[in-house]
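J.: Okay, handing you the structure first.
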Amino acid sequence: MNDIRETHAALAIKRTMGVRREEYLDYMTFRRNQRTLFTEVFGPLAGLREEWAQQGATPEELDFSAFRFRSPILASVPVHTGWIGGPETTILEETADYVIALDKMGRKMKLSKKASTLPLPMDHPVKDRDTWLAVKEHYAFSEERFEEGWEAAAQRAREEGKVVVAKIPGGFDELRQLMGEEQLCISFYTQPDLIGEMLETIGDVAHRTLDRVTSRVAVDQLNIHEDMAGKNGPLIGPKQVDAYIVPYYRRLWDLVSARGVRLFYQDSDGDMTKLIPSFLEAGLNVMGPVEPVGGNDIVKLREQYGSRLAFQGGIDKHVLRKDQAAITAELEYKIPPMVRTGGCILGIDHRIPNGTPLANYRFYIEKSWDIIEREEAKR
Amino acid sequence: MSEWTKLYDAVLNGDADTARSVTDEALAAGTDPQTLVNDYMIPAMDEVGRRFEANDFFVPELLIAARAMKGALGKIRPLLTASGVKPKGRVVLGTVKGDLHDIGKNLVAAMLEGGGFEVIDLGVDVSAEKFIEAIRDESADIVAMSALLTTTMPSMKNTIEALNEAGVRGNVKIMIGGAPITREYAEEIGADSYGDSAATAVGIARKLVAS
Numbered sequence: 281m282n283d284i285r286e287t288h289a290a291l292a293i294k295r296t297m298g299v300r301r302e303e304y305l306d307y308m309t310f311r312r313n314q315r316t317l318f319t320e321v322f323g324p325l326a327g328l329r330e331e332w333a334q335q336g337a338t339p340e341e342l343d344f345s346a347f348r349f350r351s352p353i354l355a356s357v358p359v360h361t362g363w364i365g366g367p368e369t370t371i372l373e374e375t376a377d378y379v380i381a382l383d384k385m386g387r388k389m390k391l392s393k394k395a396s397t398l399p400l401p402m403d404h405p406v407k408d409r410d411t412w413l414a415v416k417e418h419y420a421f422s423e424e425r426f427e428e429g430w431e432a433a434a435q436r437a438r439e440e441g442k443v444v445v446a447k448i449p450g451g452f453d454e455l456r457q458l459m460g461e462e463q464l465c466i467s468f469y470t471q472p473d474l475i476g477e478m479l480e481t482i483g484d485v486a487h488r489t490l491d492r493v494t495s496r497v498a499v500d501q502l503n504i505h506e507d508m509a510g511k512n513g514p515l516i517g518p519k520q521v522d523a524y525i526v527p528y529y530r531r532l533w534d535l536v537s538a539r540g541v542r543l544f545y546q547d548s549d550g551d552m553t554k555l556i557p558s559f560l561e562a563g564l565n566v567m568g569p570v571e572p573v574g575g576n577d578i579v580k581l582r583e584q585y586g587s588r589l590a591f592q593g594g595i596d597k598h599v600l601r602k603d604q605a606a607i608t609a610e611l612e613y614k615i616p617p618m619v620r621t622g623g624c625i626l627g628i629d630h631r632i633p634n635g636t637p638l639a640n641y642r643f644y645i646e647k648s649w650d651i652i653e654r655e656e657a658k659r
Numbered sequence: 053m054s055e056w057t058k059l060y061d062a063v064l065n066g067d068a069d070t071a072r073s074v075t076d077e078a079l080a081a082g083t084d085p086q087t088l089v090n091d092y093m094i095p096a097m098d099e100v101g102r103r104f105e106a107n108d109f110f111v112p113e114l115l116i117a118a119r120a121m122k123g124a125l126g127k128i129r130p131l132l133t134a135s136g137v138k139p140k141g142r143v144v145l146g147t148v149k150g151d152l153h154d155i156g157k158n159l160v161a162a163m164l165e166g167g168g169f170e171v172i173d174l175g176v177d178v179s180a181e182k183f184i185e186a187i188r189d190e191s192a193d194i195v196a197m198s199a200l201l202t203t204t205m206p207s208m209k210n211t212i213e214a215l216n217e218a219g220v221r222g223n224v225k226i227m228i229g230g231a232p233i234t235r236e237y238a239e240e241i242g243a244d245s246y247g248d249s250a251a252t253a254v255g256i257a258r259k260l261v262a263s
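These protein sequences, in sequence, are chains A and B. Each position in the first sequence, counted from 1, maps to that position plus 280 in my numbering. Each position in the second sequence, counted from 1, maps to that position plus 52 in my numbering.
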């Protein structure tokens, strides 16, 4: 293994463009709802492909090109708004069960090969202001943030009908990468000035980078990765989000939305319901993957927030391991309201779990389209 | 409960400095250490758990409260040990084999300590053999297992089977929890209880010890 993230990359699925950017943007902003969008958000968990191969999956089923989806292709502008620099990732140790590597932040990362696709840090570089100052240079603005040919790449993607995406570091997630979850949570109380300073620095460089990007190319969507909740709720509460995270989001969203960026998408697992009002204030208008295991219910959220909030995901992945009646019940509950109201790329709420029979996945795809087309025909 | 209410408030509000100084003050005044734990600190952490369940508190508030409790307990525990006072129970805790996630486990550990339990934290990626060794070495009452990934849930089942084979299953009660875990799964693999959150873990552990 040359890279600790190789497992994650190996699980990527083959995607084809079913929808051009104009339709996607209108659909997700509730301006047009002619045909429903349906996707596989992430793909399989490690090990599922092997299970399906034993169950007789075709090569096209294993790369997912056999399954019918209707979704756009997203293209990220090749610029870097977060941490840059640091050493190349080095593998320190590898066994049959795990890989340990040193990453660009100087963290020792461990990947449990049989269980996960993403490595987890075993230590973190920032503990206090002195250790923050030691790494702060990685958030300086420089020309290195712009990959060669970035403008042409963004323009080409737009001409091809792809959704042009700019990414920014998560207000929670980036600090978590630097400090670790517990140290970060405690620091909201013990080192509040440090939290403010870090977010201001990260916001400064993201703002400056996005300023150049959006003044030269047209961007459609701003993406932010947070993963800041579990099934019992978010790791931090509205108090911390309102005080620290919302200003960070708002400043960047105000810049790019004034230059035509229409969607602000946040990726976070877990139950985010307690934080939705805060994030709507911050400008967010799309959330995913809206995990039912976290207590999220796209039908109820749609009733509550209407066209202020679009979704990606929302269908319970665990139901795929149950029987056809359970799969049908989940789809019959979730799909019709989304077909009626639009603003939702339907799909399961995270990676397809191991133990999902291939026959169930085939049934899920066919049944989803049956319901989508039945409901669309009613219009 | 009025005399050292400042200790209750300090733990509830996560004020570690005040929790330690009030504890010093109370001990110097001759207050029974057990009274400080049972009448002020545990009720404060119970209230933290209640507010956490009600979404008035989130992880930062829980962690700073646990930190304040730990600071005060650091001053009291040697006195309790010297006088032969036993904890409410001894819990061997860990995230199961193959799983490297620790925040859920750590929150459970903090709440159990706050509830008067002694917690032996085995860390993450804990093998069945390590659990068995700890049960024997620590004379544990409870084994608490955590998993965040669906792919590591089977490690819980494997661990329980290993405990059976090693002949130590009857010595302990087993509680499990984590994002993909359900009550049905706990029953299916032969665990004694399932915890839905860090806050409910304390009540479950108390029931398990009493049963």
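The C-beta atom is built at its ideal place from N, Cα and C for all residues, glycine as well.
Residues in the same chain with beta-carbon distance under 7 Å from Glu612(A), minus the five sequence neighbours each way, listed in chain order, please.
T.: By 1-based counting over the first sequence, the position of residue 612(A) is 332. Cβ within range, chain order: Ile651.
J.: In or out: Leu260(B) buried (at least 16 other Cβ within 10 Å) or exposed?
T.: Your numbering for residue 260(B) matches position 208 in the second sequence. With 16 or more Cβ atoms within 10 Å of its Cβ, Leu260(B) is classed as buried.
J.: Return the residues of the stretch 389-407 of chain A that lie within a Cβ-Cβ distance of less than 7 Å from chain B, sorted by chain order.
T.: If the cut-off is 7 Å between Cβ atoms, the stretch 389-407 of chain A has Lys390, Ser392, Lys394, Ala395, Ser396, Leu400 near chain B.
J.: List the residues of chain A that Ser249(B) touches, going by C-beta distances under 7 Å, in chain order.
T.: One-based indexing of the second sequence puts residue 249(B) at position 197. Those within 7 Å of Ser249(B) in chain A are Asn512.
J.: Just tell me which of Leu555(A), Arg654(A), Gly483(A) has its CA closest to the CA of Pro616(A).
T.: Walking along the first sequence from the start, residue 616(A) turns up at place 336. Comparing Cα positions, the closest option is Arg654(A).
J.: Indicate whether the contact test is met: 3 or more Cβ pairs, each with one atom in the stretch 629-644 of chain A and one in the stretch 324-339 of chain A, closer than 8 Å.
T.: Contact holds: three or more Cβ-Cβ distances are below 8 Å.
J.: Which whole-angstrom value is the C-beta distance of Leu164(B) and Ala253(B), which I expect to be below 8 Å?
T.: Residue numbering aside, residue 164(B) sits at position 112 when the second sequence is read from its first letter. Residue numbering aside, residue 253(B) sits at position 201 when the second sequence is read from its first letter. Yes, Leu164(B) and Ala253(B) are in contact; Cβ-Cβ is about 6 Å, under 8 Å.
J.: Where do the ends of the alpha helix (DSSP H) carrying Arg492(A) lie?
T.: The residue given as residue 492(A) occupies position 212 in the first sequence. Segment 472-496, the alpha helix (DSSP H) holding Arg492(A).
J.: Would you check if there are 3 or more beta carbon pairs closer than 8 Å linking the stretch 311-322 of chain A to the stretch 616-625 of chain A?
T.: Flag = yes, the stretch 311-322 of chain A and the stretch 616-625 of chain A touch.
J.: Helix, strand or coil for Asn503(A), going by three-state DSSP, please let me know.
T.: Position 223 of the first sequence, counted from the first residue, corresponds to residue 503(A). In the structure shown, Asn503(A) sits in a strand (DSSP, three-state: E or B).
J.: Identify, in the order they occur along the chain, each residue of the same chain with its Cβ nearer than 7 Å to the Cβ of Glu424(A), setting aside the five sequence neighbours on each side.
T.: Within the first sequence, residue 424(A) is the residue found at index 144, counting from 1. Around Glu424(A): Ile364.
J.: Kindly give me the distance between the Cβ atoms of Val143(B) and Ala199(B), rounded to whole angstroms, as I take these residues to be in contact under 8 Å.
T.: Translated into positions along the second sequence, residue 143(B) becomes position 91. Translated into positions along the second sequence, residue 199(B) becomes position 147. That belief does not hold up - the Cβ atoms of Val143(B) and Ala199(B) are roughly 17 Å apart, past 8 Å.
J.: May I ask you to list the residues that DSSP assigns as paired with Tyr92(B)?
T.: Numbered from its first residue, the second sequence carries residue 92(B) at position 40. BP columns for Tyr92(B) are empty, so no partner.
J.: Using a Cβ cut-off of 8 Å, which residues of the stretch 458-472 of chain A contact any Cβ in chain B, in chain order?
T.: Taking 8 Å as the Cβ-Cβ cut-off against chain B, the residues of the stretch 458-472 of chain A that qualify are Glu461, Glu462, Cys465, Ile466, Phe468, Tyr469, Thr470.
J.: Whose C-alpha, out of Glu373(A), Glu341(A), Val443(A), Glu646(A), is nearest the C-alpha of Asp354(A)?
T.: Locating residue 354(A) in the first sequence gives position 74, where the first residue counts as 1. Before going further, note that residue 354(A) is Leu rather than Asp in the sequence given. That would be Val443(A), whose Cα lies nearest to the Cα of Leu354(A).
J.: Starting from Gly156(B), find everything on chain A with Cβ-Cβ shorter than 8 Å and list it in chain order.
T.: As a first step, residue 156(B) must be located in the second sequence, where it is residue number 104. Near Gly156(B) (Cβ distances below 8 Å), the residues of chain A are Gly510.
J.: Could you name the residues that DSSP lists as bridge partners for Asp173(B)?
T.: Position 121 of the second sequence, counting from 1, holds the residue named residue 173(B). Partner(s): Leu145(B).
J.: Note down, in chain order, all residues in the stretch 134-154 of chain B with a beta-carbon under 8 Å from any beta-carbon belonging to chain A.
T.: Those residues of the stretch 134-154 of chain B that come within reach of chain A (Cβ to Cβ, closer than 8 Å) are Gly150, Asp151, Leu152, His153.
J.: Just curious, the beta strand (DSSP E) that Met197(B) is in, first and last residue?
T.: By one-based count along the second sequence, residue 197(B) stands at place 145. 194-198 is the span of the beta strand (DSSP E), which, as asked, contains Met197(B).
J.: Which chain B residues are close to Trp616(A), counting only those with a beta carbon under 9 Å from its beta carbon?
T.: What you label residue 616(A) is simply residue 336 of the first sequence in a count that begins at 1. The sequence given here places Pro at residue 616(A); Trp does not occur at that position. Going along chain B, no residue has its Cβ under 9 Å from Pro616(A), so there is no contact; the nearest lies around 27 Å.
J.: Would you say Pro633(A) lies against chain B (beta-carbon separation less than 7 Å)?
T.: To locate residue 633(A), count along the first sequence from 1; it is residue 353. Pro633(A) counts as touching chain B.
J.: Any C-beta of chain D within less than 7 Å: which residues of the stretch 513-542 of chain A qualify?
T.: Of the chains in the structure shown, none is chain D; the protein chains are A and B.
J.: Note down, one range per segment and in chain order, each alpha helix (DSSP H) of at least 4 residues found wholly within the stretch 331-395 of chain A.
T.: Correct list: 339-342.
J.: Using 8 Å for Cβ pairs, my map puts Thr397(A) next to Ser345(A). What's the rounded Cβ distance?
T.: By 1-based counting over the first sequence, the position of residue 397(A) is 117. By 1-based counting over the first sequence, the position of residue 345(A) is 65. The Cβ separation is near 20 Å, so there is no contact.
J.: Using the beta-carbon count (16 or more within 10 Å), is Thr461(A) buried or exposed?
T.: Along the first sequence, one-based indexing puts residue 461(A) at 181. Residue 461(A) is actually Glu in this sequence, not Thr. When all chains shown are included, Glu461(A) counts as buried.
J.: Under 7 Å between the Cβ atoms of Lys447(A) and Asn503(A)?
T.: Numbered from its first residue, the first sequence carries residue 447(A) at position 167. Numbered from its first residue, the first sequence carries residue 503(A) at position 223. Cβ atoms of Lys447(A) and Asn503(A): closer than 7 Å.
J.: Run through DSSP, which three-state label would Phe591(A) get?
T.: Taking the first residue of the first sequence as 1, we reach residue 591(A) at position 311. DSSP places Phe591(A) in strand when its eight states are reduced to three.
J.: Can you give me the C-alpha to C-alpha distance between Ile516(A) and Gly568(A), rounded to a whole angstrom?
T.: Residue numbering aside, residue 516(A) sits at position 236 when the first sequence is read from its first letter. Residue numbering aside, residue 568(A) sits at position 288 when the first sequence is read from its first letter. Computed Cα separation, rounded: 18 Å.
J.: Taking Cβ positions only, does Val89(B) come closer than 7 Å to chain A?
T.: Within the second sequence, numbered from 1, the residue matching residue 89(B) stands at position 37. Taking Cβ atoms only, chain A never reaches closer than 7 Å to Val89(B), which makes this a no.
J.: Under 7 Å between C-beta atoms, does Lys580(A) make it to chain B?
T.: What you label residue 580(A) is simply residue 300 of the first sequence in a count that begins at 1. Cβ-Cβ to chain B under 7 Å: no for Lys580(A).
J.: Take every Cβ of the stretch 556-565 of chain A, pair it with every Cβ of the stretch 600-609 of chain A, and state whether three or more of those distances are shorter than 8 Å.
T.: No: the two stretches stay apart, fewer than three of their Cβ pairs being nearer than 8 Å.
J.: Which partner residues does Val178(B) have in the DSSP bridge list?
T.: Indexing the second sequence from 1 puts residue 178(B) at position 126. According to DSSP, Val178(B) bridges with Val148(B).
J.: Inspect the beta-carbon positions of Lys140(B) and Phe183(B) and report whether they are closer than 7 Å.
T.: Position 88 of the second sequence, counted from the start, is the residue given in the question as residue 140(B). Position 131 of the second sequence, counted from the start, is the residue given in the question as residue 183(B). No, these two residues do not count as a Cβ contact at 7 Å.
J.: For the stretch 181-215 of chain B, which residues have a beta carbon sitting closer than 7 Å to at least one beta carbon of chain A?
T.: So the close ones are Leu201, Thr202, Thr203, Thr204.
J.: Determine, using beta carbons only, whether Ile489(A) and Val359(A) come nearer to each other than 7 Å.
T.: Stepping through the first sequence from its first residue, residue 489(A) is reached at position 209. Stepping through the first sequence from its first residue, residue 359(A) is reached at position 79. Checking the displayed sequence, the identity of residue 489(A) turns out to be Thr instead of Ile. Yes; because the gap between Cβ atoms is below 7 Å, this pair is in contact.
J.: Specify the secondary structure class of Ile228(B) as computed by DSSP and reduced to three states.
T.: As a first step, residue 228(B) is located in the second sequence; it is residue number 176 there, counting from the start. If DSSP states are grouped into helix, strand and coil, Ile228(B) belongs with the strands.
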